[in-house]
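A.B. asks: For the sequence shown, the numbering used here assigns the number 3 to the initial residue and increments by one for each residue that follows. Cβ atoms here follow ideal geometry from the backbone N, Cα and C, with glycine treated the same way.
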Amino acid sequence: MRLIIPLLILTLFIFSCEGAYEGSKGITRVEFEHIFQDSTLSVRALDFNDEYLFYGSADHIGKRALTSQFKIDLDEMSANKRKHHFKHYITYKNDTLHFRAIEEVNGDFFAISIENPARLYRLRRKSNRPKLVYEEIGEKVFYDAMAFWNDKEGIAIGDPVETCMSIIITRDGGETWTKIPCEVIPEAKEGEGAFAASDTNIAIAGDKTWVATGGKTSRILYSGDEGKTWESVSVPIIQGKTTTRLYSIDFYDEKNGFAIGGDYTQPDASSKNKLRTKDGGQTWHVVADGKGPGYRSCVQYVPNSKAEALVAVGFKGIDYSNDAGDTWIHLSDEPYYTIRFIDESTAYAAGKGRISKITFK
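#1: Using the C-alpha atoms, what's the distance from THR165 back to GLN302?
#2: Report back the beta-carbon spacing between PHE88 and GLY64 to the nearest angstrom; my notes put them in contact at under 8 Å.
#3: Candidates TYR249, GLU106, ILE29 and LYS85: which alpha carbon is nearest LEU48's?
#4: Would DSSP call ILE7 helix, strand or coil?
#5: Along the beta strand (DSSP E) that carries PHE260, what are the first and last residues, could you check?
#6: Could you give the DSSP three-state label for TRP212: helix, strand or coil?
#7: With H, G and I counted as helix, E and B as strand and the rest as coil, what does DSSP make of GLU35?
#8: Rounding to the nearest angstrom, what Cα-Cα distance links THR285 and VAL235 in this structure?
#9: Mind checking if GLU194 is an interface residue toward chain B, Cβ cutoff 8 Å exclusive?
#10: Decide if ILE344 is buried, meaning its Cβ has at least 16 other Cβ atoms within 10 Å, or exposed.
#11: DSSP puts SER70 in a beta bridge; with which residues?
#12: Of the residues GLY160, TYR338 and GLY259, which one's Cα is nearest the Cα of SER358?
#13: Could you check what DSSP says for HIS87 in three-state terms: helix, strand or coil?
#14: So what does DSSP say about GLU117, is it helix, strand or coil?
#15: Could you tell me the alpha carbon to alpha carbon distance between ASP201 and GLY226, rounded to whole angstroms?
#16: What does a CB cutoff of less than 6 Å around GLU138 pick up in its chain, not counting 5 residues either side in sequence?
#17: How would you call GLY241, buried or exposed, if buried means at least 16 neighbouring beta carbons within 10 angstroms?
#18: Return the Cβ separation of GLY296 and GLY264 in integer angstroms, given the expectation that the two are a contact with Cβ distance under 8 Å.
#19: Taking its Cβ as the centre, do 16 or more other Cβ atoms sit within 10 Å of LYS95, making it buried, or is it exposed?
#20: Determine the burial state of LYS154: buried for a count of at least 16 other Cβ atoms within 10 Å of its Cβ, exposed for fewer.
#21: Would you please state the rounded distance, in angstroms, between the beta carbons of THR219 and GLU192? I believe it to be under 8 Å.
#22: Since MET148 is in the beta strand (DSSP E), which residue starts that stretch and which ends it?
#23: Under the rule that 16 or more other beta-carbon atoms within 10 Å means buried, what is ASP146, buried or exposed?
#24: To the nearest angstrom, how far is it from the Cα of ARG278 to the Cα of ARG46?
#25: In its own chain, which residues sit with a C-beta less than 8 Å from the C-beta of ASP209, not counting the 5 before and 5 after it?
#26: Could you spell out where the beta strand (DSSP E) holding SER272 opens and where it closes?
#27: Secondary structure at SER347, three-state DSSP: helix, strand or coil?
#28: Would DSSP call GLU137 helix, strand or coil?
#29: Which residues share a DSSP beta bridge with LEU122?
#30: Please go through the same chain and pick out, in chain order, the residues whose beta-carbon is closer than 6 Å to the beta-carbon of ILE29, but skip the five residues on each side of it.
#31: Could you check the C-alpha separation between ARG102 and ASP328 for me, to the nearest Å?
#32: Go ahead and pull the three-state DSSP assignment for HIS332.
#33: By Cβ distance below 6 Å, which residues in the same chain neighbour ILE182 in space, the five residues on each side in sequence not counted?
#34: By alpha-carbon positions, which one of ALA158, GLY217 and PHE112 ends up nearest to THR244?
#35: Look at the Cβ atom of SER334, then the Cβ atom of GLY355, and state whether they are nearer than 8 Å.
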């Protein structure tokens, strides 16, 4: 009997640990590899595939090869092998367009400019000539984020132009885009909009979609059918000023989601700026109130973390949680606007003047 009881306890311990998140001991530091640096960069939108990094900056859209490519220059009669970098400066009536919302789909690159006129371009994988696929002109036009449900269906969201948030959708792989009428979308509240801080105002899991809004009123718009119908959910985030809002939202799966916000004019204030849901966004609860990061422009779940690990970035640095947002550690003061994970230990991040590869250890 004396031997059986210890063996039973050991067995229960082993089985209770099965499936535990391997990173639950936590990340304690980060290492940076700067992919490229340029003082003219101001990147708030970032995506990638196996071949390229795609980004939107203050005055251009770009793609940079991740591996060296052999090219022959017939004009110079020379050959070289390097990581090629393509920049596209797009103007409208002599004004350079500014891009903060992009998406990569099967090697194609979509980008929409933020304000009047909003112009959405498609850059095919083998082309270096962006094609205009949508245009919207108006004094109030301002687009904030873009995402795709699948290869054919995608969404971009922007501030209210009429009585609702602006939502455009494609069902044909990005060739055509249609604006959803306000009869389908909850009426916008006074002072409600979004902020093009990191291209993460939209979260998608399966057919479900969540859109984070903010300003004087901040809430979450929800669609369970790929944008065909919409409803709104109130959230206990800090709000009431034009600078207070939800800035970023991410879902690990159809149940577990996290949102972060705050006031970028008071970036150290950490009260009522971090929210978590475990029921698919039906209810949201404040976590780490008055503790952990203040204003951050982007939050993302760490892959394969069972909805436990999160990383938040902003111009005040990088923060990490390994308990679904209850507690946080500050990893670095290095400023970044947006981040996208490659796997559970590496990510690309971008901000002012650079795009970097970050390794979490």
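C.D. replies: If we stick to the structure as given:
#1: Distance between the alpha carbons of GLN302 and THR165: 31 Å.
#2: Going by Cβ atoms, the distance from PHE88 to GLY64 rounds to 6 Å, so yes, they are a contact pair.
#3: For LEU48, the nearest C-alpha among the options comes from GLU106.
#4: Below a pLDDT of 50, predicted positions are generally treated as unreliable, and ILE7, at 43, falls in that range; the measurement from the model is reported next regardless. Here ILE7 sits in helix by DSSP.
#5: Taken as a continuous stretch (DSSP letters only), the beta strand (DSSP E) holding PHE260 covers 259–265.
#6: In this structure, TRP212 counts as strand in the three-state DSSP scheme.
#7: Residue state, collapsed to three classes: strand.
#8: In a straight line, the C-alpha of THR285 is about 8 Å away from that of VAL235.
#9: No chain B appears in the structure shown, which is made up of a single protein chain.
#10: Counting every other CB atom within 10 Å of its CB across the protein chains shown gives ILE344 a total below 16, marking it as exposed.
#11: When beta bridges are read from the DSSP output, SER70 appears opposite no residue.
#12: Looking from the CA of SER358, the closest CA among GLY160, TYR338 and GLY259 belongs to TYR338.
#13: Residue state, collapsed to three classes: strand.
#14: Here DSSP, grouped into helix, strand and coil, assigns GLU117 to strand.
#15: The alpha-carbon atoms of ASP201 and GLY226 are separated by roughly 21 Å.
#16: Taken in chain order, the residues that qualify are ALA120.
#17: For clarity, residue 241 is Gln in the given sequence; the question names Gly instead. Per the 10 Å Cβ criterion, buried.
#18: The distance from the Cβ of GLY296 to that of GLY264 is about 5 Å, consistent with a contact at the 8 Å cut-off.
#19: Exposed, by the Cβ-count rule.
#20: Exposed: under 16 other Cβ atoms inside 10 Å.
#21: Under the criterion of beta carbons closer than 8 Å, THR219 and GLU192 qualify as touching, at roughly 7 Å.
#22: Element bounds for MET148: 145–150.
#23: With 16 or more other Cβ atoms within 10 Å, it is buried.
#24: So the two alpha carbons sit approximately 23 Å from each other.
#25: These residues qualify, in order along the chain: TRP151, GLY226, ASP227 and GLU228.
#26: It is not in any beta strand (DSSP E) - SER272 carries neither H nor E in the DSSP assignment.
#27: Of the three classes helix, strand and coil, the one that applies to SER347 here is coil, per DSSP.
#28: Strand.
#29: DSSP output for LEU122 lists ILE114 and TYR136 as bridge partner(s).
#30: Excluding positions up to five away in sequence, the list reads TYR322 and PHE362.
#31: Here the alpha carbon of ARG102 sits roughly 30 Å from the alpha carbon of ASP328.
#32: Three-state DSSP puts HIS332 in a strand.
#33: Cβ neighbours of ILE182 beyond the five flanking positions: ILE169.
#34: The shortest C-alpha to C-alpha distance from THR244 to any of ALA158, GLY217 and PHE112 is the one to GLY217.
#35: Taking 8 Å as the Cβ cut-off, SER334 and GLY355 do not qualify as a contacting pair.
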